[in-house]
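Q:
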Amino acid sequence: MKNKRSSGMFSSSFGMALGDSILDVSFKEHIKRQHQSTFDCRCLIKDRALVDRWERMTGRLLSTLTTTKGQLTASVHSLQAENETPSKPWSAVFTSRPLTRKKIIVLGITGFLVIAIIVVVITVPILLLRHREPPDDPSYHDESNRPIYAVYNFPDPGMILVNGTWYSYATNAAINNSAVAHVPVATSHDLKNWTRLDGYDAMPTLAGWEMGVNHWAPDVIQRNDGKFVLYYSGELKSWKRHHCIGAAVSEKGDPVGPYQPISEPLACPRENGGAIDPSPFRDTDGKLYVTYKNDGNSIGHGGDCNNGKKPIVKVSIMLQELQDDGITPVGNPVQILQNEEEDGPLVEAPNIIRTDQGYYYLFFSSHCFTSPKYDVKYAYSTSLKGPYKRAPRALVKTGDFNLTSPGGATVAPDGTFMIFHANCAPKRCMYITGIDIGADNLITLSELR
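In the working numbering, the protein residues as written are 3 to 451.
1) May I ask which residues mark the beginning and end of the beta strand (DSSP E) holding residue 218?
2) To the nearest angstrom, how far is it from the Cα of residue 294 to the Cα of residue 262?
3) Shortest alpha-carbon distance to residue 185 belongs to which of 196, 193 and 170?
4) Shortest alpha-carbon distance to residue 346 belongs to which of 111, 316, 282 and 145?
5) Taking three-plus beta-carbon pairs below 8 Å as touching, is the segment 267–285 in contact with the segment 331–351?
6) Consult DSSP for residue 349 and reduce its assignment to one of helix, strand or coil.
7) Going by DSSP, which residues form a beta bridge with residue 439?
8) Just verifying my parser: in three-state terms, what is the DSSP assignment at residue 141?
9) Hey, could you find the ends of the beta strand (DSSP E) residue 340 is sitting in?
10) Across the segment 421–428 and the segment 437–446, are there enough close Cβ pairs to call them in contact, namely three or more that are closer than 8 Å?
11) Which of the three DSSP states is assigned to residue 275 in this structure?
12) Write down every uninterrupted run of the beta strand (DSSP E) in the segment 364–395 whose length is 3 residues or greater and which is fully enclosed by it, in chain order.
13) Mind checking whether residue 323 and residue 289 have CB atoms under 8 Å apart?
14) Is the beta carbon of residue 390 closer than 8 Å to that of residue 338?
15) Using the rule of at least 16 other Cβ atoms within 10 Å of the residue's Cβ for burial, across every protein chain shown, is residue 151 buried or exposed?
16) Is residue 23 helix, strand or coil when you go by DSSP?
17) Classify residue 418 as helix, strand or coil using the three-state DSSP reduction.
18) In whole angstroms, what is the alpha-carbon distance linking residue 251 and residue 375?
19) Less than 8 Å between the beta carbons of residue 215 and residue 257, yes or no?
20) Determine the burial state of residue 212: buried for a count of at least 16 other Cβ atoms within 10 Å of its Cβ, exposed for fewer.
21) The beta strand (DSSP E) that contains residue 189, what's its start and end?
22) Please go through the same chain and pick out, in chain order, the residues whose beta-carbon is closer than 8 Å to the beta-carbon of residue 382, but skip the five residues on each side of it.
Below, the structure written as structure tokens:
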């Protein structure tokens, strides 16, 4: 009698517990709350790729939970049919009669699996945070390292130092052919105080292939003959909303121009969606290069920056060697980076420097510039043409020093500071910050000196 009573009590209490916590109609809401509380801690994980992978994984786990509950429901209905009992509410199924040992084992194993999956959903983010994300760098909490606001409405800035003066060039914001300069310019003598040359256009005339609007991400380098070459992204007349790389020369040897564009694009891979975001680089052997982005997302299938919907079009960072004139390509371009899953729809805004230690650093942005996921990342290599190893975290991202969507960076040739843009609603403004390159190739923001 004691054993039978104990068995009955165990069966009843076990059934009620399972009915309340696993099979009750509140099951989905319970799991949803567990998932939401876990999902909320994604702010602790600074590596966006880890967050994305976690979200996909938890989605699959919750799908598994739903399937498991469906299978369990079918099993209970089957057991009811075997005993020729009419359908009853969950509570009645587990309290109207003692459960057999076989039923208890089946339900117990199923309940264990459900609980195990919930535990995995909760603990995986913590494990990812501990084992894949490097420790938070205290430099990002030091107010002395806060980037300095420099110029209003000055996105994708490039820069060059000439005779003690820094010159910066930016994407224009033209809405028609005469709204603003094709290539706006700002100058500084101390890096902290900048003057925009209002009303001045570094490239007042255009080539025949380009539209009068949407000139993006200009940058400048000085040739051995003292003249300056301006690289920029121009929109094609024959293929609107698509860009190619243009080049223009300042024949007077003045960094502010005027620059006269060459007649044809320097790089125009139409099969890859065109090209944008050129950035010149001179290596220690004197050879000139320009790196740019194959604009694959411009031929994407919609979503973020037109490439957020599958199939995702591959977007590449290319490196093109140039002759000494800075406008004649040498051979074919070489791919040095490509967007990965963690980059979202694209990689763009490449910029290369070389340190005295022999390392090449490739700075770039990922995700769409309209998204808070937009950032500045970097990778490094002992060879200009790669392969490049990606750093474990972004150099600057949304939330760092209250910035939003930082990107489009250009780094000083000596690697001591960089300029970039971030949202300053409703525009994008230029900021400047010091950077420190560590012996372990990790880079952090620092005080501008």
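Idealized CB from N, CA, C, for every residue including glycine.
A: Reading off the structure:
1) Here residue 218 is taken as the residue at index 216 of the sequence shown, counted from 1. Start and end: 218–224.
2) Position 292 of the sequence shown holds residue 294. Position 260 of the sequence shown holds residue 262. If I take the Cα positions, the gap works out to 21 Å.
3) Numbered from 1 along the sequence shown, position 183 holds the residue referred to as residue 185. Of the listed residues, the one whose Cα sits closest to residue 185 is 170.
4) Sequence index remark: in the sequence shown, residue 346 carries index 344 (1-based). Minimum Cα distance to residue 346 is reached at 316.
5) yes
6) Within the sequence shown, residue 349 is the residue found at index 347, counting from 1. The answer is strand: DSSP assigns residue 349 an E or B state.
7) Taking the sequence shown and counting its residues from 1, the one referred to as residue 439 is at position 437. DSSP output for residue 439 lists 445 as bridge partner(s).
8) Taking the sequence shown and counting its residues from 1, one reaches residue 141 at position 139. Here residue 141 sits in helix by DSSP.
9) Sequence index remark: in the sequence shown, residue 340 carries index 338 (1-based). Looking at the DSSP string, the run of the beta strand (DSSP E) that includes residue 340 is 331–340.
10) no
11) Residue numbering aside, residue 275 sits at position 273 when the sequence shown is read from its first letter. Three-state DSSP puts residue 275 in coil, outside helix and strand.
12) 377–383
13) The residue given as residue 323 occupies position 321 in the sequence shown. The residue given as residue 289 occupies position 287 in the sequence shown. Cβ atoms of residue 323 and residue 289: closer than 8 Å.
14) In the sequence shown, counting from the first residue as 1, residue 338 sits at position 336. In the sequence shown, counting from the first residue as 1, residue 390 sits at position 388. Yes, these two residues count as a Cβ contact at 8 Å.
15) For the purposes of this step, residue 151 is identified with residue 149 of the sequence shown, where counting begins at 1. It counts as exposed.
16) Residue 23 sits at position 21 when you count from the first residue of the sequence shown. With a pLDDT of only 42 at residue 23, under the threshold of 50, the placement of this residue in the model should not be trusted, and no figure is reported.
17) On the sequence shown, residue 418 is found 416 positions in, with the first residue counted as 1. It is coil, neither helix nor strand.
18) As a working mapping, residue 251 is identified with position 249 in the sequence shown. As a working mapping, residue 375 is identified with position 373 in the sequence shown. Approximately 36 Å between the Cα atoms of the pair.
19) Against the sequence shown, residue 215 aligns to sequence position 213. Against the sequence shown, residue 257 aligns to sequence position 255. No; because the gap between Cβ atoms is not below 8 Å, this pair is not in contact.
20) To locate residue 212, count along the sequence shown from 1; it is residue 210. Buried, since its Cβ has 16 or more Cβ neighbours within 10 Å.
21) Counting from one through the sequence shown, the residue named residue 189 turns up at place 187. 187–190 is the span of the beta strand (DSSP E), which, as asked, contains residue 189.
22) On the sequence shown, position 380 is the one that residue 382 refers to. Excluding positions up to five away in sequence, the list reads 361, 362, 363, 364, 390, 391, 393 and 443.
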